[in-house]
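S.K.: Have a look at this one before I ask anything.
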Amino acid sequence: MSDDARHDGTGSEHGETGETGETGETGEAAADRPRRTGWRRLLPTWRMVVGGVLLFLLLIVGGLTAGYLLVGIPPANSAAKAQSNVYLYSDGTELARDGDVNRENVPLGQVPRTVQRAVLAAEDRDFYSESAVDPAAMLRAAWNTVTGKGKQSGSTITQQYVKNYYLGQEQTLTRKAKEFFIAIKLDREESKDEILQGYLNTSYYGRNAYGIQAAARAYYGKDVGALTTSEGAYLAALLNAPSAYDITAHPENRPRALARWNYVLDGMVKQKWLGRAERTAMAFPALTRAPASAGLSGQRGYLVEAVRDYLTGHDILDDGTLRAGGYRITTTIDHKRQNAFVKAVRTRLMDRLDGHRTVDGYVRAGGASIDPATGRVVALYGGIDYAKQFVNSATRRDYQVGSTFKPLVFASAVQNASVTQDGSPITPNTVYDGTNKRMTLSHGHPTGFAPGNEDDHSYGPITVTEATDKSVNAVYAQMGIDVGPDTVRKTAVALGIPADTPSLATSQGAISLGTATPSVLDMTQVYATLAHHGRQRPYTLIDHVTKAGEAIDLPEREETAAVERAAADTTTQILRSVVEGGTGTAAQAAGRPAAGKTGTAEQDKAAWFAGYTPDLATVVAVLGQHPETAVQEPLYGAAGRDRLNGGDFPAQIWADYTAAALAGRPARDFDLRLQDGAEPSPSAAPSADDSESASDSDSPSTGPTDSATPTGSGAPTGTGAPTGPTGQPTLPPTPTEVPTTAEPTEEFPTVGPPDADEYAQRWTGG
């Protein structure tokens, strides 16, 4: 036992000596240190953390060093390598080509110092004092993109120059990495002035202008050396969004462009490059008419512009990538239908204009046509000639749509089960007071909104169907308040009007009378949705896009229910009545079952007809614009007519085009499912005297706030009324109190909507 014990003890001592070394101190320290248990065992030690950080930093330094050594400055891009984009009709025949490079390089010394500084204020205010790259800005831009705040650039002017001159526009990590290293090398090998000169000569400014000299000629018709500070600030603003900020092509974007212009000038003041007094005295500079490529004359330019906007607006291709060229773009435009649209406008309108009448020089026309089932835009009419009238009348958003907006109010009423002031459901047979300049009511109180009917005509008690036939403002003003302006706006957006449409969110009660300014194409989307029983498939101008034989992904266009079928179909029912016996009877010449609505903007500056068959939705607008000042002009006396309304030239063009576009296809009638109580009553059928001779009361002008005496029996207060046993409307009793108009209780306009001319003043172009 003693031997065993000695053996055990000796073994234990030897074991301790073996663990601790000669002194045994390490073993004692280890024994004293508490063991990590539980979740603490999963945490790295401080030695591991420090080692990991050092390894990570070593990898970064090694990567940056390798990148700097391996990535050299490549040869500059050559204009000779630029390719054209080919645009095709839907049948594969060629529509147009683009890609001609408009560039003239100039030395930096020819660019006024104030113009140089305007560019720096817009793009890189610390250009001369900071390095070629800004890692913090790049990380911030990447974070904003990832978190959904929009794609943002974190690039300095040097990086942008590298992208423009040495690399391409593709959004890849490889290109970004090359851009980073080339910019650093370039900053060491070239002076800041040389880099700025290269940037100014390679940047794209819109209007097919590459470089500051080409931009000066394109926007101001002068050489770069003659540019003023104000003009230079606008060209600098264009660098941020060339297509969007060209306010001649897109008048509706003037507020955005103006904000960017102010940002540039304010930045110059902040940097002490411009005096405060001089800045305050500056006015936004007038632009010259945009030059058109000879290859884009006629309708081709309008179509190519619309397709480009669709590609960039739907993030299919960015502006820079598209400009690089090489794409084969098959559009949805049907060649035969496009030609039919051009012929209809020419024979019905343009051939009737006389060069000796000043007002005839104001006439513009726009049109769009959509297949409701597919959402494909099959025809688009932008104007008489892209080389003569640069602004696309089919896509511009600065003319009021007038009474073509009224069906949206009724559709909203049905969709939301809205009721009149006395609680009656709003149906086609609901009776309203059509008295001219009748004060509208909200919850029994006057609103201060009393719009006039066209020609100040009073109608007295009138059904919704009849009021739609005759486009009675007094009825739809009250209906819009019954439904609620915000509810009407939401329905309009659901049907296809862009939420950011000018005046859509600010017109309050006047929204019902068409004071908003969506484009012809926007309104075609809306009417296509009604034709498709309330189901919306977002429109498209593109069938497919390829480059080097590889297809480019296009966004999904999921069909959704904008409004219930009963709301859309009941709206179609009352719009059929407009064509059969209201202000739109000229559309009958299409020879097919049709539904539609006429419209006239304030002061007759625009006349509209929006209509559809079960197979095709088309909108036509005739617009008035001064050819030199671009100010919107009334069309009184145009083509020898005292006035133009939607039932005139627009409806005639619509009929001719629709007949040709659907030639050879069997006529189909509408398959309608109506809301309860929407069945036509005997009294709703318009008489022969109510047809085209009736006033097309489309103008949303407002009148005094005092109510006129109704002309019908009784005194309806804008309320609905059930139909009596004999089929005649039963009117509500005469109110015992007449509402006062002295103090409106809600914020509805008491004057006409803002004059849309402010969108065009100070700019020229047709």
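Positions in the sequence shown are counted from 1; adding 1 to them yields our numbering. Cβ coordinates follow ideal geometry from the N, Cα and C atoms, glycine included. Here the structure is a predicted model, which means the values were calculated and not measured.
1. Using only the alpha-carbon positions, how far apart do Y69 and T157 sit?
2. Which stretch, first to last residue, makes up the alpha helix (DSSP H) that contains K491?
3. Taking three-plus beta-carbon pairs below 8 Å as touching, is the region 565-572 in contact with the region 670-678?
4. I'd like the list of long-range same chain contacts for G22, defined as Cβ closer than 6 Å, with 5 residues on each side in sequence excluded.
5. Hey, V484 and S413 are a contact pair by Cβ (cut 8 Å); roughly how many whole angstroms apart?
6. Please list, in chain order, all residues of the same chain as S380 whose beta carbon is under 6 Å from its beta carbon, the five residues on each side excluded.
7. Per DSSP, what kind of secondary structure is V420 in: helix, strand or coil?
8. Determine the direct distance from the alpha carbon of S91 to that of T375, and round the result to whole angstroms.
9. Are the CB atoms of D523 and T492 within a distance shorter than 9 Å?
10. In chain order, what residues of the same chain have a beta carbon less than 6 Å from the beta carbon of D335, not counting five sequence neighbours either side?
11. Need the endpoints of the alpha helix (DSSP H) that E95 sits in, please.
12. Would you report the Cα separation of K438 and D457, rounded to the nearest angstrom?
13. Report the residue from T586, L96, L645 and A418 whose alpha carbon sits nearest the alpha carbon of T331.
14. Return yes when the Cβ of L89 is within less than 9 Å of the Cβ of R329, no when it is not.
15. Which class does Q589 belong to by DSSP, given the choice of helix, strand or coil?
16. Can you list the beta strand (DSSP E) stretches of 3 or more residues lying completely in the region 503-577, in chain order?
17. In the structure shown, what three-state DSSP assignment does A366 receive?
18. Going by other Cβ atoms of all chains shown within 10 Å of its Cβ, with 16 needed for buried, is A832 buried or exposed?
19. Please classify T525: is it buried, with 16 or more other beta-carbons within 10 angstroms of its beta-carbon, or exposed?
20. Would you mind giving the Cβ-Cβ distance between L297 and Y206, rounded to the nearest angstrom? I have them listed as a contact below 8 Å.
21. How is V579 classed by DSSP in three states: helix, strand or coil?
22. Is P373 near L617, with beta carbons less than 9 Å apart?
23. Can you look up A608 in the DSSP assignment and give me helix, strand or coil?
24. Hey, S286 and E232 are a contact pair by Cβ (cut 8 Å); roughly how many whole angstroms apart?
25. Spatial neighbours of Q198 within its chain, please: CB distance less than 6 Å, with the 5 preceding and 5 following residues excluded, ordered by chain position.
26. Grab me the residues of A757's own chain with a C-beta within less than 7 Å of its C-beta, minus the 5 sequence neighbours each way, in chain order.
27. Taking the beta strand (DSSP E) that A287 falls in, what are its first and last residues?
28. What is the DSSP secondary structure of I371, counted as helix, strand or coil?
29. With burial defined as no fewer than 16 other Cβ atoms inside 10 Å of the residue's Cβ, what is the status of A668: buried or exposed?
30. Counting only beta-carbon separations shorter than 9 Å, does R48 have a partner in chain C?
31. Would you kindly report the start and end of the unbroken beta strand (DSSP E) that includes I196?
32. Pick helix, strand or coil for P687, following the three-state DSSP scheme.
33. Do you know how far the Cα of S244 is from the Cα of Q300?
34. Does DSSP classify E232 as helix, strand or coil?
35. Measuring alpha carbon to alpha carbon, tell me which residue in V415, L318 and Y433 is nearest D423.
36. According to DSSP, is Q626 helix, strand or coil?
M.R.: On the basis of the supplied data:
1. Low confidence applies here, because Y69 scores a pLDDT of 48, under 50, leaving its location unreliable; read the following figure in that light. Approximately 18 Å between the Cα atoms of the pair.
2. P486 to L496
3. The region 565-572 vs the region 670-678: in contact.
4. Only weak support is given to the placement of G22: the predicted model assigns it a pLDDT of 44, under 50, and the question is left unresolved by the model.
5. 5 Å
6. The sequence given here has Ala at residue 380, not Ser. Correct list, in chain order: R338, Q339, F342 and S370.
7. strand
8. If I take the Cα positions, the gap works out to 14 Å.
9. Not closer than 9 Å, so no.
10. S91 and V379
11. Per DSSP, E95 belongs to no alpha helix (DSSP H); it is in the beta strand (DSSP E), E95 to R98.
12. 8 Å
13. L96
14. yes
15. helix
16. 543-548
17. strand
18. In the structure displayed, the chain extends from 2 to 767; residue 832 sits before or after that span and is not available.
19. buried
20. With a contact defined as Cβ atoms closer than 8 Å, L297 and Y206 miss out at about 18 Å.
21. V579: helix per DSSP, three-state reduction.
22. yes
23. Secondary structure at A608: strand, using DSSP grouped into helix, strand and coil.
24. First, the residue type needs correcting, since residue 286 is Pro and not Ser in the sequence shown. So it is a contact: roughly 5 Å between Cβ atoms.
25. L109
26. Its pLDDT being 33, under 50, A757 is placed unreliably in this model, and the coordinates cannot settle the point.
27. Going by DSSP, A287 is part of no beta strand (DSSP E) at all; its letter is neither H nor E.
28. strand
29. exposed
30. Chain labels in this structure do not include chain C; a single protein chain is all it has.
31. Unbroken run through I196 is the alpha helix (DSSP H), K193 to T203; no beta strand (DSSP E).
32. The pLDDT assigned to P687 is 40, lower than 50, so where the model puts this residue is not dependable; a value taken from the coordinates is nonetheless given after this. Coil.
33. 19 Å
34. The DSSP-derived three-state label of E232 is helix.
35. Y433
36. strand
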